[in-house]
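Working notes, beginning with the structure itself.
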Ligand SMILES: *Cc1c(COP(=O)(O)O)cnc(C)c1O
């Protein structure tokens with residue numbers, strides 16, 4: 005567990021260095037610790053050094069941990085693919101959804117969001133690499149889904165998210181993140197009030213921050229490697 009606390013400090017130092025290299029304040033990047041496949045005790049270790057935002061990909065697994073950690077005031081981010089029959093538990097238990105990629109899911113999330121909670125924060129996931137196997141909407145479909153999402157009463161569209169094609173080529177990393185930033189800027193120019201670019205993971209957070217990321221989603225660099233079976 006000491007390792008997780010040390011890793012947290014190292015990740016924060018990487019974020020601080022990347023912000024400083026781009027002349028951005030450190031406070032402009034929010035760290036979401038991606039705890040999928042890791043137990044509640046690992047999350048507590050991160051909480052002990054001040055972490056509050058956690059990302060999960062699998063609904064059943066997440067609900068167990070959210071229940072086990074209900075004594076802590078945490079912010080839960082759903083970042084995995086969404087099956088329509090899971091929209092209700094997601095809308096009931098999470099504060100953010102980063103992986104919205106179709107209208108049907110948006111409608112279900114809005115309908116299922118409990119009235120006593122604030123609107124659910126959502127980001128639209130964009131397929132910036134154009135890989136056919138990737139989730140996320142095509143760049144040319146983003147504006148349409150954004151308009152539909154903004155019309156739903158129980159959702160608050162905050163911005164865009166992407167998982168780019170993995171590459172060690174920094175220029176290619178940056179080009180994909182730039183595509184996402186430009187899409188968001190275009191939506192803002194068209195009148196939408198967006199403040200979030202959810203981009204950057206353990207291997208590419210520096211490139212993401214250089215291109216304007218406001219939320220990095222970091223798993224491996226905090227919690228260590230995951231069981232391959234569940235990625
Ligand atoms: C697993 C996952 C992450 C974290 O990836 P690491 O490379 O472990 O930092 C971030 N975003 C999404 C959507 C993920 O599924």
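Numbering (this note's numbering), first residue to last: 5 to 235. Built from N, CA and C at the ideal position, the CB exists for glycine as well.
Residue i and residue j: beta carbons closer than 8 angstroms?
| i | j | result |
| --- | --- | --- |
| residue 15 | residue 222 | yes |
| residue 53 | residue 9 | yes |
| residue 226 | residue 50 | yes |
| residue 139 | residue 180 | no |
| residue 153 | residue 164 | no |
| residue 99 | residue 125 | yes |
| residue 18 | residue 210 | yes |
| residue 88 | residue 109 | yes |
| residue 218 | residue 32 | yes |
| residue 143 | residue 187 | yes |
| residue 114 | residue 156 | yes |
What does DSSP give as the partner residues of residue i in its beta bridges?
| i | result |
| --- | --- |
| residue 222 | 37 |
| residue 160 | 125 |
| residue 7 | Answer is none; residue 7 lacks a bridge partner. |
| residue 202 | 165, 219 |
| residue 57 | 79 |
| residue 192 | In DSSP, residue 192 forms no bridge with anything. |
| residue 104 | 128 |
| residue 240 | In the structure displayed, the chain extends from 5 to 235; residue 240 sits before or after that span and is not available. |
Where residue i and residue j are concerned, what is the direct C-alpha to C-alpha distance, given to the nearest angstrom?
| i | j | result |
| --- | --- | --- |
| residue 62 | residue 30 | 30 angstroms |
| residue 220 | residue 57 | 11 angstroms |
| residue 191 | residue 77 | 32 angstroms |
| residue 1 | residue 42 | Residue numbering for the chain in the displayed model covers 5 to 235; residue 1 lies beyond these limits and cannot be assessed. |
| residue 198 | residue 170 | 26 angstroms |
| residue 65 | residue 40 | 8 angstroms |
| residue 94 | residue 206 | 25 angstroms |
| residue 122 | residue 80 | 14 angstroms |
| residue 85 | residue 147 | 20 angstroms |
| residue 111 | residue 24 | 40 angstroms |
| residue 46 | residue 203 | 23 angstroms |
Sorry if obvious, but does the Cβ on residue i come closer than 7 angstroms to a heavy atom of ligand 1?
| i | result |
| --- | --- |
| residue 4 | Look at the range of the chain in this structure, 5 to 235, and you will see that residue 4 is not part of it. |
| residue 16 | no |
| residue 224 | yes |
| residue 212 | no |
| residue 40 | yes |
| residue 140 | no |
| residue 205 | yes |
| residue 84 | yes |
| residue 61 | yes |
| residue 128 | no |
| residue 19 | no |
| residue 47 | no |
| residue 167 | yes |
Does residue i come within less than 8 angstroms of chain E when only Cβ atoms are used?
| i | result |
| --- | --- |
| residue 83 | The structure shown contains no chain E; it is built from a single protein chain. |
Regarding residue i and ligand 2, is the C-beta to nearest heavy atom distance less than 7 angstroms?
| i | result |
| --- | --- |
| residue 10 | Because ligand 2 does not appear in the structure shown, any question about it cannot be addressed here, the ligands present being ligand 1. |
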